[in-house]
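**Q** Structure below; questions to follow.
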Amino acid sequence: MADPRGPQRPAPRPAPKRRRPVRWGLRIAGGLAVLVITASGLGHALVDGISGSIGRVDAFGGMQGRPSGSKGTNFLLVGTDGRDGIDPQEKKQFHLGGAPCHCTDTIMLVHLSQDRQRATVVSIPRDTYVRLPDATTLRVSGGSRAGRSASAAPGGSPEPPAPTPTAVTGTHAAKINQAYALGGPKLTVRTVEQLTGVHIDHYLEVDFTSFMKTVDVIGGVPVCTAVPLKDSFSGLNLPVGTTKLDGGQALQYVRSRHVDGTSDLGRMQRQQRFLAQVIHKMTSGTVLRNPLELSRVASTVLGSVRADQGLSATDLISLAQSMKDFSPSSSEYVSVPLSVMNYNVPGIGSTVKWDAAKAGKLWAAIRADQPLTTPPPRSSAPHRAAAAPVDVDPATISVRVANGTATNGLGGSTQQALHATGFATPGTATTAHQRSAHTVIQYDPRWDRSARTLAAALPGAQLQPAPGQGPVMKVTVGADFTKVAPVAMKARPQPPGTAVTGDQEVCP
């Protein structure tokens, strides 16, 4: 039987001593580094040793006129699209061909609250329309890798603070991901700071290789989907249900833009969902409780991170100690609100413009250290498992149940549980003609999406096509039956600017 996780990546080759940033095409790899750094509770000796191996970049030197007054701690996380150092076999296996643009494929701003009880992850679309300084401006203001920032896009992003005076003020239209190619980390930081008014405290740059290694070293990450996800561009091919992804498969998942019509916006939401799963796994598993495993994870992540020169071992220890109780519900995720989804710029292509009013409120909340989501009211009622998102409304699916076991009443209780989670269950449960070792769902292939929705409520059930049966699903409860899992119609993709908490994103 084929491995449900798909082809496995061969053992990684020893990494070269020096590696340029590698394309990873996602907005969450830096989040893995921050998570390991802050949630691990590393000891001083371990952190001192590991932090010495972190690659350093000058992300802030000589910058003037920066925003002030931001509370909490703000990280800017970027991923670049270089491809040097990638094994040719892995390039082919994970669809990483093509010429790099040497720009940021990923930009995230992660805000850690002053009390260290909350993290807010803001995804900044890589196609955000900005105006970047011309090459002459960069030379006059201090070099092509450290120039001054972009100005706000007219009619798009919120008005930034006044730029630092310079002898030349020429700018040109661009996408925000081109700031790195033009001015490196400094121009990237400066661009984000002026567009948002948020002071950036630390800069992290994480590559493709470190992302795959991190996922592998924590033992893979589960993701769940109510519909098959297939993208020929990234090579992603996931079935319905929950799949545990290794590093290469995870990279395909977070890079995919062609699984539906939501393109880059849908990809940002999948990336945020993946990060929520990572947080859940790190905080609920054994990684943080096992010093040896923790050291291995931390060494893998931090050994390939590039960071600003001011991110010290003391910072890492302080963050780790203050965030030891971090959990999925402690995090919230949002992307920048947009007003124009397809603003065409000659010579640049399709860009997106921010909704000035809504984006302004978002960044004001970040600067003021305010949460973007309202905590649910506390309840003394027993905890109820989260409902798995499904593609078809259970209320539109009729199910008839037969008991194929020796357990009296199991058919009736199963039918009641299916009704409780929303399925239509006309009539009463019956007794199957013969005993069954497995729970089976018989369905007409014309209603295959309804069958997959029902299968999500019956973990482990076998799907058995029955052409001509019609729209009614027939369930035979077998000896392997365990439970009826709650399901609910999956939410439509959240519009940019709608914040959700991590516990809303994890698999049930």
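For the sequence shown, my numbering begins at 45 and goes up steadily by one. Backbone N, C-alpha and C define an ideal beta-carbon position, used for all residues, glycine too.
With 16 as the cutoff for other CB atoms within 10 Å, does F252 come out buried or exposed?
**A** By the neighbour-count rule (16 or more Cβ atoms within 10 Å), F252 is buried.
**Q** Does the Cβ-Cβ distance between G123 and D149 come in under 8 Å?
**A** In contact: G123 and D149 (Cβ atoms closer than 8 Å).
**Q** Less than 8 Å between the C-beta atoms of A349 and I98, yes or no?
**A** Strictly speaking, residue 349 in this sequence is Val, with Ala absent from that position. It is a contact, given that the beta carbons lie within the stated cut-off.
**Q** Indicate the three-state DSSP secondary structure (helix, strand or coil) for H324 in the structure shown.
**A** DSSP places H324 in helix when its eight states are reduced to three.
**Q** Threshold first: 4 residues or longer. Then list the alpha helix (DSSP H) segments lying entirely within the region 468-507, N to C.
**A** Runs of the alpha helix (DSSP H) inside the region 468-507: 492-501.
**Q** Specify the secondary structure class of N221 as computed by DSSP and reduced to three states.
**A** DSSP places N221 in helix when its eight states are reduced to three.
**Q** By alpha-carbon positions, which one of K219, A320, G227, G279 ends up nearest to P266?
**A** Of the listed residues, the one whose Cα sits closest to P266 is A320.
**Q** Quick one, are the C-beta atoms of L176 and L120 less than 8 Å apart?
**A** Not closer than 8 Å, so no.
**Q** For I410, which residues in the same chain have their Cβ closer than 6 Å to its Cβ, ignoring the five residues on either side in sequence?
**A** Answer for I410: H155, V242, listed in chain order.
**Q** Pull up the CB-CB distance for T465 and G522, whole angstroms please, since I reckon it's below 8 Å.
**A** 19 Å between Cβ atoms; not a contact.
**Q** In angstroms with no decimal places, state the Cα-to-Cα distance between R317 and R299.
**A** Cα to Cα, R317 sits roughly 13 Å from R299.
**Q** Among V284, L502, A495, A500, which one has its Cα closest to the Cα of T509?
**A** Before going further, note that residue 509 is Pro rather than Thr in the sequence given. Looking at the Cα atoms, A495 is the closest of the given residues.
**Q** If distances are taken between C-alpha atoms only, which option among R162, V303, K518 comes closest to T475?
**A** Checking every option, the nearest Cα to that of T475 belongs to K518.
**Q** Cβ atoms of H246 and G354: under 8 Å apart, would you say?
**A** A contact, by the Cβ cut-off of 8 Å.
**Q** Please classify S379 as buried or exposed, where buried requires at least 16 other C-beta atoms within 10 Å of its C-beta.
**A** Counting Cβ neighbours within 10 Å, S379 comes out buried, since at least 16 surround it.
**Q** Measuring only the C-alpha atoms, how far is P169 from H463?
**A** C-alpha separation (whole angstroms): 42 Å.
**Q** From what residue to what residue does the beta strand (DSSP E) around K274 run?
**A** From DSSP, the beta strand (DSSP E) with K274 extends over 273-275.
**Q** Tell me the rounded alpha-carbon separation between L454 and T240.
**A** Cα to Cα, L454 sits roughly 58 Å from T240.
**Q** Could you pull the start and end residues of the alpha helix (DSSP H) that R299 belongs to?
**A** Taken as a continuous stretch (DSSP letters only), the alpha helix (DSSP H) holding R299 covers 291-299.
**Q** Give a yes or no on contact between the region 224-238 and the region 389-404, applying the rule of three or more CB pairs nearer than 8 Å.
**A** In short, these stretches do not touch, since the Cβ pair count stays below three.
**Q** Out of curiosity, what's the CA-to-CA distance linking A196 and Y173?
**A** In this prediction, A196 has a pLDDT of 43, which is less than 50 and means its spatial position is unreliable; nothing more can be read from the coordinates.
**Q** Would you kindly check if the distance between the Cβ of D178 and the Cβ of G33 is under 8 Å?
**A** For the chain, the structure presents residues 45 to 552; residue 33 sits outside this window and is missing.
**Q** Should G512 go down as buried or exposed, given a rule of 16 or more other Cβ atoms within 10 Å for buried?
**A** Result: exposed.
**Q** V531 and A501 - do their beta-carbons sit closer together than 8 Å?
**A** Result yes, Cβ atoms of A501 and V531 sit closer than 8 Å.
**Q** Taking buried to mean at least 16 other C-beta atoms within 10 Å of its own C-beta, is G106 buried or exposed?
**A** The residue is exposed, with fewer than 16 neighbouring Cβ atoms inside 10 Å.
**Q** Assuming D149 is part of the beta strand (DSSP E), what are its boundary residues?
**A** Start and end: 148-156.
**Q** May I have the straight-line CA-CA distance separating Y224 from R110, to the nearest angstrom?
**A** Distance between the alpha carbons of Y224 and R110: 18 Å.
**Q** Note the first and the last residue of the continuous beta strand (DSSP E) segment covering L282.
**A** Segment 280-282, the beta strand (DSSP E) holding L282.
**Q** State yes or no: is the C-beta of R493 within less than 8 Å of the C-beta of D437?
**A** For R493 and D437, no; Cβs fall outside 8 Å.
**Q** Looking only at C-alpha atoms, which of Q158, Q459, G292 sits nearest to S114?
**A** Selected option, being the one with the closest Cα: Q158.
**Q** Spatial neighbours of T117 within its chain, please: C-beta separation below 6 Å, excluding the five flanking residues on both sides.
**A** Around T117: L156, D245.
**Q** Rounded to whole angstroms, what's the CA-CA distance from G285 to V271? Just pull it up for me.
**A** Cα to Cα, G285 sits roughly 8 Å from V271.
**Q** Quick one: what's T451 bridged to in DSSP?
**A** In DSSP, T451 forms no bridge with anything.
**Q** Going straight from the alpha carbon of F467 to that of A499, what length do you get?
**A** C-alpha separation (whole angstroms): 12 Å.
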